[in-house]
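Residue 4 is where the sequence shown starts when you use the numbering used here, and the numbers rise one by one after that.
No residue lacks a Cβ here, since even glycine has one placed at the ideal position from N, Cα and C.
The structure displayed is predicted, hence computed values, not measured ones.
First comes the structure, then the notes that go with it.
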Amino acid sequence: MELFHRLWRRRRVVAAVFLTTVALTVVALIVLPVRYLAIGSVIVAEQEPGISNVSAAWAQKIGDPADLESQLLVIRSPRVMRLAMAAPGVIDAVLQECRQKASGLLSGSSASCDKLKSDSAALIDYVQNRYGIAAAGRSRVINISYQSGIAEVAYTLANALTTAFLDDQRTAGSSSREVATSWLWQELKQLDAELREADAKIQTFRRNKGLMRGANAPISSERLTSISQQLSVAEAARADAAARLQEIKEGQARGSSSSAPAVLSSRAIADLKQQLTVISTQVASATSVLGPRHPSLVALTREQALIQQRLADEVGSIAASAQKAFDANDTLVVSLKKQLEAIKAEVGSATSDEASIESMVRGAEIKRQQYSDLYKRASELETERRVLLGSTRLVSLAEMPTKPFFPKKIPFLAAGLTLASLLSVAAALLLDRLDPRAEAEPQEPQPTTAPTAQSIVAATDAAPAAIVDAPPIAPAEIVAGAPKPMLSAVTGVPVLARLPRLLNALPASPIGAILKGGTEMSLRRALQLATHDDAVQAALEQLKSGLRMSQSNGRRRILVTSSGPAQGKTFATLALAQNLAADGHRVLAVEWDLLHPTFASALSLQPGPGLLAVLHSEAHPQAAVVRTAIPNLDVIAAGGTATDALDLLMSNAAVDLLSWSRGYDVVLIDGPLPSDPAGARIMACQVDDVLICMKEGSSSLGRALAATNAIRAAGGKISGFALTMVKAESCSDLKPEAIPDHQFARAV
Numbered sequence: 004m005e006l007f008h009r010l011w012r013r014r015r016v017v018a019a020v021f022l023t024t025v026a027l028t029v030v031a032l033i034v035l036p037v038r039y040l041a042i043g044s045v046i047v048a049e050q051e052p053g054i055s056n057v058s059a060a061w062a063q064k065i066g067d068p069a070d071l072e073s074q075l076l077v078i079r080s081p082r083v084m085r086l087a088m089a090a091p092g093v094i095d096a097v098l099q100e101c102r103q104k105a106s107g108l109l110s111g112s113s114a115s116c117d118k119l120k121s122d123s124a125a126l127i128d129y130v131q132n133r134y135g136i137a138a139a140g141r142s143r144v145i146n147i148s149y150q151s152g153i154a155e156v157a158y159t160l161a162n163a164l165t166t167a168f169l170d171d172q173r174t175a176g177s178s179s180r181e182v183a184t185s186w187l188w189q190e191l192k193q194l195d196a197e198l199r200e201a202d203a204k205i206q207t208f209r210r211n212k213g214l215m216r217g218a219n220a221p222i223s224s225e226r227l228t229s230i231s232q233q234l235s236v237a238e239a240a241r242a243d244a245a246a247r248l249q250e251i252k253e254g255q256a257r258g259s260s261s262s263a264p265a266v267l268s269s270r271a272i273a274d275l276k277q278q279l280t281v282i283s284t285q286v287a288s289a290t291s292v293l294g295p296r297h298p299s300l301v302a303l304t305r306e307q308a309l310i311q312q313r314l315a316d317e318v319g320s321i322a323a324s325a326q327k328a329f330d331a332n333d334t335l336v337v338s339l340k341k342q343l344e345a346i347k348a349e350v351g352s353a354t355s356d357e358a359s360i361e362s363m364v365r366g367a368e369i370k371r372q373q374y375s376d377l378y379k380r381a382s383e384l385e386t387e388r389r390v391l392l393g394s395t396r397l398v399s400l401a402e403m404p405t406k407p408f409f410p411k412k413i414p415f416l417a418a419g420l421t422l423a424s425l426l427s428v429a430a431a432l433l434l435d436r437l438d439p440r441a442e443a444e445p446q447e448p449q450p451t452t453a454p455t456a457q458s459i460v461a462a463t464d465a466a467p468a469a470i471v472d473a474p475p476i477a478p479a480e481i482v483a484g485a486p487k488p489m490l491s492a493v494t495g496v497p498v499l500a501r502l503p504r505l506l507n508a509l510p511a512s513p514i515g516a517i518l519k520g521g522t523e524m525s526l527r528r529a530l531q532l533a534t535h536d537d538a539v540q541a542a543l544e545q546l547k548s549g550l551r552m553s554q555s556n557g558r559r560r561i562l563v564t565s566s567g568p569a570q571g572k573t574f575a576t577l578a579l580a581q582n583l584a585a586d587g588h589r590v591l592a593v594e595w596d597l598l599h600p601t602f603a604s605a606l607s608l609q610p611g612p613g614l615l616a617v618l619h620s621e622a623h624p625q626a627a628v629v630r631t632a633i634p635n636l637d638v639i640a641a642g643g644t645a646t647d648a649l650d651l652l653m654s655n656a657a658v659d660l661l662s663w664s665r666g667y668d669v670v671l672i673d674g675p676l677p678s679d680p681a682g683a684r685i686m687a688c689q690v691d692d693v694l695i696c697m698k699e700g701s702s703s704l705g706r707a708l709a710a711t712n713a714i715r716a717a718g719g720k721i722s723g724f725a726l727t728m729v730k731a732e733s734c735s736d737l738k739p740e741a742i743p744d745h746q747f748a749r750a751v
């Protein structure tokens with residue numbers, strides 16, 4: 004208590020020191036340059052695949068790769084630094100950082116920046132002071148970091164040194180293998196030329212001497228085998244022809260040539276003999292009945308003579324054919340015997356010819372085996388060189404820093420407030436100790452201030468019997484300097500309207516109320532209730548006023564998105580479209596959220612070509628337009644879901660659709676979320692305004708800020724926020740903010 008009284012006596016000093024320290028903290032937070040930190044990580048002393056463990060003596064001789072201190076020295080060495088500075092874009096990044104530092108409050112000379120480009124030593128000295136190279140605790144991980152006032156420079160320099168160190172380690176380990184591989188490939192090339200020359204000589208000799216090999220043996224041997232087989236077949240055919248001819252000749256000598264087996268095998272002979280038998284039977288029958296000069300008997304006799312003549316002619320033809328077959332086979336046998344004798348002589352001389360080139364063939368085989376071994380070893384060395392990673396592995400490259408490393412606002416302000424508190428208390432106690440006379444001094448009278456509501460109530464409670472004439476308390480007015488809502492203050496985007504939560508008809512019992520409270524209202528039902536809800540219509544009028552729909556001279560294309568899922572985006576789009584259509588505007592509502600289509604069920608649309616058909620160039624935009632029951636309101640439903648939304652949004656059909664839609668007064672696009680890469684980021688720069696919907700009580704300020712930043716980064720113009728599902732008692736807490744004049748001028 005004594006300490007509190009002492010501080011109270013020196014409250015002015017405490018306040019002055021505290022406010023001065025806080026002010027200096029804020030000034031330092033503003034003045035101090037922002038520093039970004041990018042960190043890349045590597046890990047050392049991992050065993051190389053396929054390499055045996057190194058003994059302690061050998062490790063002492065060549066240096067243990069697990070020695071983190073040696074690796075840290077290698078990374079800090081000027082040689083590795085020069086390799087990093089030689090990477091593309093690194094010197095330009097260093098010059099950019101140097102010029103930014105020279106143009107700051109604590110600026111130096113810009114001439115030193117120009118010197119960095121030509122003086123490598125100065126460049127190394129400049130960047131070495133900004134690199135941070137240290138081991139991560141007791142692990143084998145080394146962090147390579149770089150601090151810079153520009154995030155891109157920190158990212159580029161950290162990755163440049165990390166990559167240069169890894170490449171240097173990999174090159175040092177693979178240099179010996181590369182030299183050995185190049186020598187082996189050179190030897191293989193020379194050996195290949197010698198092999199080709201020897202093979203050409205051997206093939207030429209064999210071709211000239213007839214020693215070329217066939218499928219199973221030398222060609223001469225295969226020819227000898229083939230001719231021998233042909234000769235055997237020809238001799239068998241000649242013997243068969245001779246036997247047939249002998250049989251026919253013996254039959255002719257006996258006068259019964261038609262009964263020989265060789266003759267009977269002919270079909271013509273068999274037919275003629277059958278006819279002759281029939282005629283002979285008829286002649287014998289007619290002779291016993293008719294006279295010798297009877298015409299029928301004479302005709303039968305003449306026909307019998309003709310058949311016998313034909314039979315004799317056919318036998319002669321068969322005999323001549325057998326003679327020709329015998330002569331042909333005999334000629335073939337004689338020819339094959341001559342060829343067989345010639346090829347036998349050739350095969351006999353081939354053995355001596357093959358022996359004359361045996362040494363050449365053996366030499367070619369030795370070289371071929373040597374070539375195979377060298378090629379295998381060269382391939383193994385090349386594979387080892389390519390897969391060699393060295394004793395260092397990459398853990399992670401540096402990521403692009405998004406938040407400053409120094410100063411961090413909240414820790415910096417917290418430290419400033421703590422320091423201000425300590426300094427103010429210390430100053431008050433020191434002054435009270437050095438000036439003890441202040442204890443006896445009377446306290447200064449407190450300045451009088453205007454009575455407030457709290458003071459009047461306190462005075463009334465303290466003295467209830469007394470009559471206190473308190474001034475009337477006027478209601479608080481909204482002035483120009485009043486604080487904005489937290490959402491607008493954080494994002495810099497106004498809140499245009501608050502759409503109240505819709506309620507179903509009152510249930511008949513408390514149990515029904517509980518059941519209704521646990522189920523969500525369908526979008527179709529919500530749109531029906533919104534048309535008759537005065538609070539919703541009033542909020543829509545506020546939204547139109549905030550969007551300055553009445554002051555817009557040209558056509559408007561508005562993208563409606565949200566900070567997250569289930570934020571009332573589609574309801575706000577269709578409700579606003581119905582309200583604008585009721586005012587006489589020609590409105591087109593386009594369902595561009597291809598991942599979660601709901602227009603068809605909410606508006607009871609018939610199946611037909613939708614937005615997907617238009618984006619795939621399968622239908623004209625006019626064919627996809629569906630006229631609703633509400634006058635002046637047309638819609639284009641999604642027509643299905645699509646996973647390739649990014650390609651569709653970037654297609655020419657999407658641009659053509661937006662150009663075609665300018666025939667309407669207002670085009671409301673129910674777009675995807677800003678967090679979707681294929682969504683509002685692409686659409687934001689192609690529309691006139693962007694309206695962000697947020698469900699009150701469920702969306703965080705961080706998500707809203709991320710959504711606004713994403714749309715602004717894409718080049719979109721954000722008109723404001725529309726809060727949805729707001730409780731009825733809080734709908735009138737905050738008046739909607741209009742779009743600033745300069746922002747509205749850009750939008751229209």
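Apply the 10 Å Cβ neighbour rule to residue i and answer buried if 16 or more other Cβ atoms are within range, or exposed otherwise.
i	result
N635	buried
V130	buried
S177	buried
A632	exposed
T601	buried
W61	Reliability of the predicted coordinates at W61 is poor, the pLDDT of 45 falling under 50, and the value obtained from them is presented with this limitation in mind. With fewer than 16 other Cβ atoms within 10 Å, it is exposed.
P486	Model confidence at P486 stands at a pLDDT of 41, short of 50, so the residue's coordinates are unreliable; what they give is reported in the following sentence. It counts as exposed.
F7	exposed
S113	exposed
V34	exposed
Q531	exposed
N332	buried
R13	buried
G92	exposed
Per DSSP, which one or two residues make a beta bridge with residue i?
i	result
E594	D673
I136	I147
L40	Q150
G587	Paired residue(s): none; G587 is not in a bridge.
L562	I672, V693
A725	A500, C696
Comparing alpha-carbon positions, which option in the options lies nearest residue i?
i	options	result
D647	D596, G719, I633	D596
P36	L562, D95, Q150	Q150
L608	A627, E621, H619	A627
G587	A657, V669, Q540, Q570	V669
D691	E200, S722, G674	S722
G366	L526, S399, A201	A201
G43	I153, P404, K118	P404
V395	I561, V539, L75, G705	A quick correction: the sequence has Thr, not Val, at residue 395. Ranking I561, V539, L75, G705 by Cα distance to T395 puts L75 first.
Assuming contact is defined by CB atoms lying nearer than 7 Å, are residue i and residue j in contact in what I supplied?
i	j	result
L248	A325	yes
V336	R241	yes
Q689	L661	yes
L164	A89	no
L618	A656	yes
P612	A605	no
A161	A418	no
Looking at the secondary structure, which residues open and close the alpha helix (DSSP H) in which residue i lies?
i	result
S427	412 to 437
T711	704 to 716
D537	537 to 550
I33	14 to 34
P503	Where P503 is concerned, there is no enclosing alpha helix (DSSP H), although the beta strand (DSSP E) it sits in stretches over 498 to 503.
For the beta strand (DSSP E) holding residue i, just list the boundary residues, first then last.
i	result
I145	144 to 151
C2	Outside the modelled stretch of the chain, which goes from 4 to 751, sits residue 2, for which no answer is possible.
T646	From DSSP, T646 is part of no beta strand (DSSP E); its letter is neither H nor E.
F602	Counting along the chain, F602 falls outside any beta strand (DSSP E), though it belongs to the alpha helix (DSSP H) covering 602 to 606.
V83	V83 -> not in any beta strand (DSSP E); alpha helix (DSSP H) instead, spanning 81 to 88.
T494	First-last for T494: 489 to 494, but that is the alpha helix (DSSP H), not the beta strand (DSSP E).
Hey, does residue i have any beta-carbon neighbour from chain B nearer than 7 Å?
i	result
L420	You won't find chain B in this structure, because it holds only one protein chain.
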